[in-house]
Amino acid sequence: MTTLYAPAISRLRRRLRGLPYATMIAALQDALEALEVSALAADNSGRYIAANARATTLTGYSRTELLGMSVKDLTPAMRQDAADNLWPRFIHAGAQAGDYVLERKDGAPVGVHYAAFASVAPGVHISLLTPLALPSSL
């Protein structure tokens, strides 16, 4: 999935380059809305700074709620160690893809396949999410 989105991410990096922060966030939000998958953008600490409408549907949180949350806030308690380990590895590697379980606002688990891209702008990282069917044991 990372190679599928690589050209679009390259265009986004060029589009965001050099913009003042507030302008960059607005342009990033517009770009995320144009995607046909759930998309979240986070800063270096993992705090969400942009989210598209599909991400709100996937997670059950409003955009305002998501923008007050971090990557760990969407991770089920029993998987917090995974979040602690994956985030710094992702930032260092520059891109990462795999399967992950998020916790919706209603507490229900939702499996996703993610493709994440670090540093689309300084300190800004994007995760693209597609839902997966979860086994009934979760």
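In numbering that gives the first Met the number 0, the protein residues as written are 0 to 137. Glycine is no exception: its CB is placed at the ideal position from the N, C-alpha and C atoms.
Tell me the rounded alpha-carbon separation between residue i and residue j.
{"i": "residue 132", "j": "residue 9", "result": "30 Å"}
{"i": "residue 48", "j": "residue 127", "result": "14 Å"}
{"i": "residue 93", "j": "residue 116", "result": "6 Å"}
{"i": "residue 79", "j": "residue 24", "result": "28 Å"}
{"i": "residue 111", "j": "residue 13", "result": "28 Å"}
{"i": "residue 86", "j": "residue 45", "result": "8 Å"}
{"i": "residue 106", "j": "residue 98", "result": "19 Å"}
{"i": "residue 154", "j": "residue 82", "result": "The requested residue 154 is not part of the displayed model; the chain covers only 0 to 137."}
{"i": "residue 125", "j": "residue 96", "result": "12 Å"}
{"i": "residue 198", "j": "residue 84", "result": "Residue 198 cannot be examined here, being either before or after the span of the chain that is shown, 0 to 137."}
Classify residue i as buried or exposed, calling it buried when 16 or more other Cβ atoms lie within 10 Å of its own Cβ.
{"i": "residue 2", "result": "exposed"}
{"i": "residue 58", "result": "buried"}
{"i": "residue 113", "result": "buried"}
{"i": "residue 43", "result": "exposed"}
{"i": "residue 77", "result": "exposed"}
{"i": "residue 120", "result": "buried"}
{"i": "residue 5", "result": "exposed"}
{"i": "residue 50", "result": "buried"}
For residue i, which option in the options has the closest C-alpha, if you only look at C-alpha atoms?
{"i": "residue 21", "options": "127, 54, 53 and 123", "result": "123"}
{"i": "residue 27", "options": "37, 15 and 36", "result": "15"}
{"i": "residue 38", "options": "81, 93 and 52", "result": "52"}
{"i": "residue 41", "options": "13, 31 and 70", "result": "70"}
{"i": "residue 104", "options": "29, 36, 82 and 60", "result": "60"}
{"i": "residue 35", "options": "89, 62, 7 and 18", "result": "7"}
I want to see whether chain B comes within less than 7 Å of residue i, judged by CB atoms only; does it?
{"i": "residue 119", "result": "Absent from the structure: chain B. Only one protein chain is present."}
Rounded C-beta distance between residue i and residue j? I'm assuming under 8 Å.
{"i": "residue 65", "j": "residue 55", "result": "7 Å"}
{"i": "residue 73", "j": "residue 32", "result": "Incorrect: roughly 19 Å between the Cβ atoms, too far for contact."}
{"i": "residue 130", "j": "residue 108", "result": "Contact doesn't hold; Cβ gap of about 11 Å is too wide."}
Alpha helix (DSSP H) runs wholly inside the segment 64-119, at least 4 long, in chain order: Within the segment 64-119, the complete alpha helix (DSSP H) runs of at least 4 residues are 79-92.
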